Amino acid sequence: MSAVDFIHGLRFEDLPAAVVAQAKRCVLDLLGVAASGLETDLSRIVRDHAVRHMGAGEGRGARLLFDGRRASVPGAAYAGASTIDAFDAHDGHPLTKGHAGVAVLPAVLALFDSEDLDDGREFLAALVVGYEVAIRAGIALHGSVPDYHTSGAWNALGCAAVGARLLGLSPDATRQALGIAEYHGPRSQMMRCIDHPTMLKDGSGWGAFAGLSAAYLAQDGFTGAPAITVEAPEQAHLWSDLGRRWRILEIYFKPLPVCRWAQPAIEAALSLARAGRIDPDRIEAVEVETFDAAVRLGARAAATTEEAQYALGFPLAAALATGRLTAGEIAGAGLRDARTLRLLPRIRLVEREEFTRRFPAERIAAVAIRLDDGTTLTSGPMAARGDADSPLDDEELRAKFRSLAGALPRDDCAALIRAVEELGDCDTLDTSFLPQVLKPLLACEPARPPCIAATLG
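Just so we're aligned, residue 293 is where the sequence shown starts under the working numbering, counting upward by one.
(1) Put L562 into one of helix, strand or coil per three-state DSSP.
(2) Take R479 and list the residues in its own chain whose beta-carbon comes closer than 6 Å to its own, dropping the five residues that flank it on each side.
(3) Near V400, what residues of its chain come up, given a Cβ to Cβ distance below 8 Å and the 5 sequence neighbours on each side ignored?
(4) Nearer than 8 Å: is that true of the beta carbon of N447 relative to any heavy atom of the ligand ADP?
(5) Between the alpha carbons of V618 and R569, how many angstroms are there, rounded?
(6) Where DSSP assigns a beta bridge to Y475, which residues make up the other side?
(7) When we look at the beta-carbon of L347 and count the other beta-carbons within 10 Å, is it buried (16 or more) or exposed?
(8) Which value, in whole angstroms, describes the spacing of the CA atoms of A295 and G435?
(9) Quick check on DSSP: helix, strand or coil for T723?
(10) Thinking just about the alpha-carbon of each residue, which of P398, H300, A354, E331 is nearest to the one in G620?
(11) Go to I376, then tell me how far its alpha helix (DSSP H) extends in each direction, as first and last residue.
(12) Whole angstroms are fine: how far does the CA of A585 sit from the CA of D255?
(13) Could you compute how far the alpha carbon of G678 sits from the alpha carbon of L684?
(14) Return yes when the Cβ of A456 is within less than 9 Å of the Cβ of A510, no when it is not.
(15) Classify P556 as buried or exposed, calling it buried when 16 or more other Cβ atoms lie within 10 Å of its own Cβ.
(16) What's the gap between the Cα of S328 and the Cα of L696?
(17) Taking the alpha helix (DSSP H) that R388 falls in, what are its first and last residues?
(18) Measure the beta-carbon distance from K281 to D377 and round it to whole angstroms, keeping in mind my assumption that it falls under 8 Å.
(19) Determine the DSSP secondary structure at A310, reduced to helix, strand or coil.
(20) From S374 to A363, what does the alpha carbon distance come to, in whole angstroms?
(21) Buried or exposed: E424, going by 16 or more other Cβ atoms within 10 Å of its Cβ?
(22) For W538, which residues from the same chain have a beta carbon less than 6 Å from its beta carbon, with the 5 sequence-adjacent residues on both sides left out?
(23) Report the rounded CA-to-CA distance for R355 versus A368, giving the unit in angstroms.
(24) Give me, in chain order, the residues of the same chain whose beta-carbon lies closer than 6 Å to that of W498; leave out the 5 immediate sequence neighbours on both sides.
(25) Let me check one thing: in DSSP terms, what residues is Q481 bridge-paired to?
(26) For L663, list the residues DSSP reports as bridge partners.
(27) Distance check for R644 and I558, CA to CA, integer angstroms please.
(28) State the CB to CB distance for the pair L334 and F693, rounded to an integer number of angstroms; the pair is presumed to be in contact (CB under 8 Å).
(29) Using the C-alpha atoms, what's the distance from T521 back to L433?
(30) With a CB to CB cut of under 8 Å and the five nearest residues on each side skipped, what residues in its chain are close to L449?
(31) Can you list, in chain order, the residues of its chain with a C-beta nearer than 7 Å to that of D306? Leave out the 5 residues immediately preceding and following it.
(32) Quick one: any contact between the segment 526-533 and the segment 573-585, if contact means 3 or more CB pairs under 8 Å?
(33) Exposed or buried, which one is D722 when buried takes at least 16 other CB atoms within 10 Å?
(34) Let's see if you can read the secondary structure: which residues bound the alpha helix (DSSP H) around R634?
(35) Less than 8 Å between C-beta atoms, sequence neighbours within five positions excluded: which residues of the same chain meet that for L541?
(36) Whole angstroms is fine: what's the gap from D629's alpha carbon to T597's?
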């Protein structure tokens, strides 16, 4: 099955039960992350920018997620993806070294709002199409170029696929949309943002904007060069199993709100601290052995939440100092916590070549903590929870959502969880999803921001 045939031919009835369940998990998790991302300066800036400079134009446009103001459909997707990307707790795929859903879900929401669509089964089918195309494009991109690009470089193709499907583009126009999205997608260098963490983040806002813009351009007859990540012969193996191998089942969900590369070390250190009931004041030194990209995250102090999220040493120090790692430790007063800052210079990051060889399929770390009496506690190699082979269960994801969306009224949170879990059980969303449950999220005026200091577990 070709990519174009898959984009237009996939039906909800073709989706295995496990894929439907996973898609619902993705929706709930991403909405929770968006709720916390809303409070960041990054989200405020991009939402205002979308309203001011990406206006709805001739059509009705789409409402901004958790905001309610209108922008163009690509602008609304840009703002939604940027808001999710502002808070680094969203799902990802190991082999892409990045994230699909952060752009795909806002694209689907914006198109459903603009086109006044309400078919819950189609909502899930379109979401799965976006994930499957984006993930394969990401693996293809990383396998064909020497530089490591941000997620926006390839999740743009997933958004173009969603746009082509929901706008009913012809097969040729769909092919053009994929080519435009690949050509215009932000091929930004990810490691620049690792070395210098800023609001640029993972490029997914621009990926969503480029992908939906590509679909609209193709609808108007604009042509694009063939998408190499889709059509190159050497990439054929990645696309030949569409509809048989479901890449969405391979994604991970994050239990912690920081870069995935840092999480194995943080979980290893927390397990040692809890098992040994370690008083953080007794910690003299912490040595982390991990893969090279994680070492590059560094152990510097953080002046902004972006610097705290794209770090290893700072969130590790915060976790050891407080016994947890929540949003509160990587934003606001948490950035100035005296206990965290005291521990930070005691952390040493070391590459272990074996762990580097196993990356990105595996992300491994080992931690040793030396106490003031000379005792050293060691963890052994550990991976972070949430991977496909060690998944967070449904109740853990519900608890994560509740904590991230904690400022929403409790009844709204419960209704939203119920609506997402019932997606696809009936033919329409008209009473259970967009107009009713998402009303506080797609409101006439900006919703009250949620508290970013909620515990993630």
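Think of the CB as a built atom: it goes at the ideal place given N, C-alpha and C, for glycine as much as any other residue. Please read all numbers here as calculations on a predicted model, not as lab measurements.
Working from what's here:
(1) Numbered from its first residue, the sequence shown carries residue 562 at position 270. Looking at L562 - three-state DSSP - the assignment turns out to be helix.
(2) Counting from 1 along the sequence shown, the entry for residue 479 is found at position 187. Cβ within range, chain order: H441, A445.
(3) The residue labelled residue 400 in the question sits at position 108 within the sequence shown. Apart from the 5 residues on each side of it in sequence, V400 sits with its Cβ closer than 8 Å to the Cβ of F415, A418, L419, G422, V454, L458 in its chain, given in chain order.
(4) Questions concerning the ligand ADP fall outside what the structure shown contains, since it holds no ligand whatsoever.
(5) To locate residue 618, count along the sequence shown from 1; it is residue 326. To locate residue 569, count along the sequence shown from 1; it is residue 277. Looking at the sequence provided, one finds Thr at residue 618 rather than Val. One Cα belongs to T618, the other to R569, and the distance between them is close to 19 Å.
(6) To locate residue 475, count along the sequence shown from 1; it is residue 183. In the DSSP assignment, Y475 is bridged to no other residue.
(7) Sequence index remark: in the sequence shown, residue 347 carries index 55 (1-based). Checking the sequence, you will find Gly at residue 347 rather than Leu. Burial call: exposed.
(8) As a first step, residue 295 is located in the sequence shown; it is residue number 3 there, counting from the start. As a first step, residue 435 is located in the sequence shown; it is residue number 143 there, counting from the start. The straight-line gap separating the alpha-carbon atoms of A295 and G435 is approximately 18 Å.
(9) Locating residue 723 in the sequence shown gives position 431, counting from the first residue. Only weak support is given to the placement of T723: the predicted model assigns it a pLDDT of 37, under 50, and the value that follows is read from those uncertain coordinates. Annotated three-state conformation of T723 is coil, per DSSP.
(10) Locating residue 620 in the sequence shown gives position 328, counting from the first residue. Nearest option by C-alpha distance: E331.
(11) For this step, residue 376 is matched to residue 84 along the sequence shown. For I376, the enclosing alpha helix (DSSP H) starts and ends at 365-377.
(12) Because the chain is modelled from 293 through 749, residue 255 falls outside the range shown and cannot be assessed.
(13) Here residue 678 corresponds to residue number 386 of the sequence shown, with the count starting at 1. Here residue 684 corresponds to residue number 392 of the sequence shown, with the count starting at 1. L684 has its alpha-carbon roughly 5 Å from the corresponding atom of G678.
(14) Counting from 1 along the sequence shown, the entry for residue 510 is found at position 218. Counting from 1 along the sequence shown, the entry for residue 456 is found at position 164. The Cβ atoms of A510 and A456 sit closer than 9 Å to each other.
(15) The count along the sequence shown starts at 1 and reaches residue 556 at position 264. Buried is the label assigned to P556, since at least 16 other Cβ atoms lie within 10 Å of its Cβ.
(16) Within the sequence shown, the letter at position 36 stands for residue 328. Within the sequence shown, the letter at position 404 stands for residue 696. So the two alpha carbons sit approximately 5 Å from each other.
(17) Here residue 388 refers to the residue found at position 96 when the sequence shown is read from its first residue. The question names Arg, but residue 388 is Thr in the sequence shown. Segment: none, T388 is in no alpha helix (DSSP H) and carries neither H nor E.
(18) Lying before the first or after the last residue shown, residue 281 is absent from the chain, which here runs from 293 to 749.
(19) As a first step, residue 310 is located in the sequence shown; it is residue number 18 there, counting from the start. Helix at A310.
(20) Here residue 374 refers to the residue found at position 82 of the sequence shown. Here residue 363 refers to the residue found at position 71 of the sequence shown. Each residue's Cα considered, the two are about 14 Å apart.
(21) The count along the sequence shown starts at 1 and reaches residue 424 at position 132. So E424 ends up on the buried side.
(22) For the purposes of this step, residue 538 is identified with residue 246 of the sequence shown, where counting begins at 1. These residues qualify, in order along the chain: V311.
(23) Counting from 1 along the sequence shown, the entry for residue 355 is found at position 63. Counting from 1 along the sequence shown, the entry for residue 368 is found at position 76. Spanning the two alpha carbons is a distance of roughly 6 Å.
(24) Within the sequence shown, the letter at position 206 stands for residue 498. Taken in chain order, the residues that qualify are G444, P478.
(25) The residue you call residue 481 lines up with position 189 of the sequence shown. Paired residues: H441.
(26) On the sequence shown, position 371 is the one that residue 663 refers to. Answer by DSSP bridge pairing, in chain order: I575.
(27) Residue 558 sits at position 266 when you count from the first residue of the sequence shown. Residue 644 sits at position 352 when you count from the first residue of the sequence shown. For I558 and R644, the distance between alpha carbons rounds to 17 Å.
(28) Translated into the one-based positions of the sequence shown, residue 334 becomes position 42. Translated into the one-based positions of the sequence shown, residue 693 becomes position 401. That belief does not hold up - the Cβ atoms of L334 and F693 are roughly 21 Å apart, past 8 Å.
(29) As a first step, residue 433 must be located in the sequence shown, where it is residue number 141. As a first step, residue 521 must be located in the sequence shown, where it is residue number 229. Going from the Cα of L433 to the Cα of T521 covers about 6 Å.
(30) The sequence position of residue 449 within the sequence shown is 157, counting from 1. Here the set comprises V425, A426, A429, L470, A473, E474, G477, G503, A519, T521, V522.
(31) In the sequence shown, residue 306 corresponds to position 14, counting from 1. Same-chain partners within the cutoff: G535.
(32) Contact fails between the segment 526-533 and the segment 573-585, because fewer than three Cβ pairs, one in each stretch, are under 8 Å apart.
(33) Along the sequence shown, read from residue 1 onward, the residue named residue 722 stands at position 430. Confidence at D722 is low in this model, with a pLDDT of 44, below 50, so its placement is unreliable and the value that follows should be read with caution. In this structure D722 is exposed. Its beta-carbon is surrounded by fewer than 16 other beta-carbon atoms within 10 angstroms.
(34) Locating residue 634 in the sequence shown gives position 342, counting from the first residue. In the DSSP annotation of this structure, the continuous segment of the alpha helix (DSSP H) that includes R634 starts and ends at 630-635.
(35) Against the sequence shown, residue 541 aligns to sequence position 249. Closer than 8 Å at the Cβ level, and outside the excluded window around L541, lie A310, V311, Q314, A680.
(36) Here residue 629 is taken as the residue at index 337 of the sequence shown, counted from 1. Here residue 597 is taken as the residue at index 305 of the sequence shown, counted from 1. Going by C-alpha positions, D629 is about 13 Å away from T597.
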